[in-house]
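To start, the structure under review is shown below, and the notes come after it.
Chains as they are written, first to last, in my numbering: chain B, 5 to 390; chain H, 22 to 264.
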């Protein structure tokens, strides 16, 4: 492939590509074992703990951290705040890759992934998992369509790009509606376990909490990703765009934090915190690091407008989000299960490898498609290359 | 006609004939295991000097059936909650959601399915008792219409008030179950959950899910409204700018 147009700087592949190859071998071995011998051989899952890291991290966090895509498309295309347009493309790409990551992880976690199409054929509208399955399918399609004009542009196919552009408003609305359903449905998954999920996390408002915290974390990811891709591709942070987004993140985190406290008060679960039980400590770590700290930092304009503090605040918001999803899916379920669960090394390797593949695809996509604003050199319209 | 089982821990002598009969009836490989698994659908264990049985409770409004995305689990009118292995894709939400922790998984198989007591569906359909009930030598597990079993349980409690806890486990737990239990010791000591609400857990999700169609319509309309207003505003601004 030619590399004349993009690639502002040669992507430093040394360390990461070696790590990638080192991970690839165990990843392939684990994949073989998982499909040849069953889930029990590679995971720490068992009858007491049927859902582990692949659901808690890959599914719950993968979907949540992709929430930047619907948030930003809504801001730009529905609220008409066009100044945010330059960061829409990388965010939509992240969202799309995030959903691909989720689907890949489900291929490992489902007992019989080759039957994933059953959700299309056999309906059960009473099941939240049915809603989740449809949202994954439909929203992945919407994200692909939202991103497709970038590919069409690169290929010089102007007609399909124009068609998509004509449908952009309904497409964005569909994306926001599906995301709202999907983010909240992941919380609804846990509505069914009022006697199993610890009262520090159980709430009848779980769907709403999942939705609002995903908006916060999605924005956090946009900031982090701008920072990381800025480092990797030698670009500056778009502080004039990220600072108002951070303000939005603080508001989302604030509403979410209050909802959490109110729920815990209603469940009468504050004693678990004050007596510092295992769950209490895990909650404190999650809440102080992931909600209180980022709000405390980014509520100050002085810190918010400083790129370092901005990134630190966003990092803790994302970390807190991940901790929350893991606490709900693992920590909060342990007492009822009467068992402790720690992911096996194999489960971790699969998750890390899949994240790595996502990052690698992102890095490649950035080289071949016009994703970031104002590339150093002007793009030549691509002619057919043979 | 809704059938069910009554298990009476006071009468159980711990012979495990039910567990063996279950294995045979359902062609489950291996010996009876310590705990229920995908290959052992019922067990008898000694707890506090009393024998307790573990098996699927066959809820009146089964949580597993409500959460299964492909409808592989179903409540039949005869009482059993049955499982269609051909539909199951292995998400294991039923295991996560079941208030009694009943469904178990074949963790050791490349093409795994769920395993759980199906209340000998084929026999029950023909009007025959389940394998476990028909082999029980002590009348500790009896088969019958759920309403008759409730009457029988009540009369056992009334006739031997000192021997029984004054509670029929399964009458209201998780919305009521087709399998009912009697015990001389508190049910928690038998390893049964005592914190189950009488409202079926499935209702909690249905309260949310049933609102989705309305929500989708209103939310889409609202978002379109926002878009219309903001687009109009920028059109007006443009028009005024060009004047």
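Positions of the beta carbon are idealized from the N, C-alpha and C atoms, including for glycine.
At least one beta carbon of chain H lies nearer than 7 Å to the beta carbon of residue 116 of chain B. Think of a sphere of 8 Å around the beta carbon of residue 135 of chain B: the chain H residues whose beta carbon falls inside it are 230, 233, in chain order. When DSSP states are grouped into helix, strand and coil, residue 375 of chain B belongs to the coil group. Setting aside the 5 residues that flank it on each side, residue 362 of chain B is surrounded in the same chain by 101, 105, each with a C-beta closer than 6 Å to its C-beta; the list follows chain order. Per DSSP, the beta bridge partners of residue 26 of chain H are H/164, H/200. If you compare the alpha carbons of H/89, H/156, H/259 with that of residue 135 of chain H, the shortest gap goes to H/89. Contact between residue 139 of chain H and residue 101 of chain H holds, with the beta-carbon distance rounding to 5 Å and staying under 8 Å. Here DSSP, grouped into helix, strand and coil, assigns residue 50 of chain B to strand. Contacts between residue 108 of chain H and chain B, judged by CB atoms closer than 7 Å, involve 122, 126 in chain order. The beta-bridge partner set that DSSP reports for residue 73 of chain H consists of H/66. For residue 95 of chain H, the uninterrupted beta strand (DSSP E) segment begins and ends at 94 to 96. By the beta-carbon neighbour count (other beta carbons within 10 angstroms, threshold 16), residue 123 of chain H is buried. Contact annotation, residue 77 of chain H with residue 137 of chain H: C-beta distance approximately 5 Å; criterion of less than 8 Å satisfied. When DSSP assignments are scanned along the segment 13 to 83 of chain B, the uninterrupted stretches of alpha helix (DSSP H) that are 4 or more residues long and fall wholly within it turn out to be 18 to 41, 43 to 46, 64 to 69, 72 to 77. Under the criterion of beta carbons closer than 8 Å, residue 35 of chain H and residue 79 of chain H do not qualify as touching, at roughly 23 Å.
Looking only at B/149, B/374, B/294, the smallest Cα-Cα distance to residue 167 of chain B is reached by B/149. In the same chain as residue 30 of chain B, and ignoring 5 residues on each side of it, the C-beta atoms closer than 7 Å to its own belong to 353, in chain order. In the three-state scheme derived from DSSP, where H, G and I count as helix and E and B as strand, residue 139 of chain H is classed as coil. Residues of the same chain with a CB within less than 7 Å of the CB of residue 252 of chain B, apart from the 5 flanking positions on each side, are 223 in chain order. Of all residues in the segment 37 to 49 of chain B, those with a C-beta nearer than 9 Å to a C-beta of chain H are 38, 39, 40, 41, 42, 43, 44, 45, 47, 49, reading in chain order. With a threshold of 7 Å between beta carbons, residue 84 of chain B makes contact with chain H. Residue 176 of chain H and residue 210 of chain B have their C-alpha atoms roughly 44 Å apart. Residue 329 of chain B sits away from residue 76 of chain B, with the two beta carbons spaced by 7 Å or more.
For residue 154 of chain B, the enclosing alpha helix (DSSP H) covers residues 132 to 159. Just measuring C-alpha positions, the residue of B/131, B/124, B/137, B/91 sitting nearest residue 107 of chain B is B/137. Relative to residue 60 of chain B, the option among B/320, B/336, B/232 whose CA is nearest is B/336. Beta bridge pairing from DSSP links residue 190 of chain H with H/202. In the displayed model, residue 180 of chain B falls within a helix according to three-state DSSP.
For the segment 104 to 131 of chain H, the beta-carbon criterion of a distance under 8 Å to any beta-carbon of chain B is satisfied by 108, 109, 110, 111, 112, 113, 114, 116, 117, 118, 120, 122, 125, 126, 127, 128, 129, 130, 131. In terms of Cα proximity to residue 181 of chain H, the closest of H/29, H/23, H/237 is H/29. Counting only runs that start and end inside the segment 270 to 313 of chain B, the alpha helix (DSSP H) elements of at least 4 residues fall at 274 to 278, 282 to 291, 297 to 302, 305 to 308. Judged by DSSP in its simplified three-state form, residue 80 of chain H adopts strand.
Within chain B, no residue has its CB atom less than 8 Å from the CB of residue 206 of chain H, the nearest being about 19 Å off. Residue 55 of chain B has a beta carbon lying within less than 7 Å of a beta carbon in chain H. Beta-bridge annotation (DSSP): residue 125 of chain H is paired with H/136.
Per DSSP, the beta bridge partners of residue 104 of chain H are H/94.
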